[in-house]
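Inspection log for the structure reproduced underneath, given as structure tokens.
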Amino acid sequence: MALIDKTSAQMAEVGKDNASAKAALSEQLKQMSTDRDMVRMSSDEVLKKIGQLKNVFHRPEARGQWGEQTLQAVVEASGMTNLINFDNQPTFNTDGGAQRPDLIVKISSDMAVVVDAKAPFNALIDAANARDEAEQQQRLAAHAKNVRTHIDQLAAKKYWLLPNKSPEFVVMFVPSDSFLYAAWEQDRGL
Numbered sequence: 016m017a018l019i020d021k022t023s024a025q026m027a028e029v030g031k032d033n034a035s036a037k038a039a040l041s042e043q044l045k046q047m048s049t050d051r052d053m054v055r056m057s058s059d060e061v062l063k064k065i066g067q068l069k070n071v072f073h074r075p076e077a078r079g080q081w082g083e084q085t086l087q088a089v090v091e092a093s094g095m096t097n098l099i100n101f102d103n104q105p106t107f108n109t110d111g112g113a114q115r116p117d118l119i120v121k122i123s124s125d126m127a128v129v130v131d132a133k134a135p136f137n138a139l140i141d142a143a144n145a146r147d148e149a150e151q152q153q154r155l156a157a158h159a160k161n162v163r164t165h166i167d168q169l170a171a172k173k174y175w176l177l178p179n180k181s182p183e184f185v186v187m188f189v190p191s192d193s194f195l196y197a198a199w200e201q202d203r204g205l
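Residues in the sequence shown are numbered consecutively from 16, following our numbering.
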């Protein structure tokens, strides 16, 4: 009898997880649709939308949390489960101190890929509020530089050394294609 009760409880939990995953997928599909629409927008339209986000993401912590939550929603929407397919914000003690990437995706039992979320759009907000086109171009160039700085900082952390037998790269997750596209327009080497 205990086995049947335990199995029933596990099935109920799986049902709840499935419902949560469906809701997360639905939300992510809405976001992806919005992101796709923003990529199609002109630079002026993107800057206008970014300017509207200014009040929401005033604090860097809020932007960071948004990036981390979006990353987790994307992996969960793809059918992955925390602690089975990925580890959310694991901490590693290294000679240089503790390191905590946002996500480690398990490829096999002994291989993983590190993913770190970044939401670098301070300069985009500044570009949206620029007084003239010259200042706007300067702020857009600063945005591209900020994105490149994040790439360099992630490379310097050598996250790929943390999990065993991982490929020598780190995935930098940017929660909106528009942010990445605006940087790429300024620096095609990204």
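We put the CB at the ideal spot given by N, CA and C, even for glycine.
Query                                                                                                                             : Result
Opening and closing residue of the alpha helix (DSSP H) in which residue 121 lies                                                 : Note, residue 121: premise wrong, no alpha helix (DSSP H); beta strand (DSSP E) at 118-123.
Distance between residue 124 and residue 164 (C-alpha atoms, nearest Å)                                                           : 32 Å
Residue(s) in a DSSP beta bridge with residue 112                                                                                 : 109
Beta-carbon contacts of residue 102 that lie in its chain and below 6 Å, excluding the five residues immediately before and after : 119
Residue from 189, 190 and 175 with nearest C-alpha to residue 183                                                                 : 175
DSSP state of residue 194 mapped onto helix, strand, coil                                                                         : helix
Inter-stretch contact at 8 Å, needing at least 3 Cβ pairs: the region 150-169 / the region 181-199                                : yes
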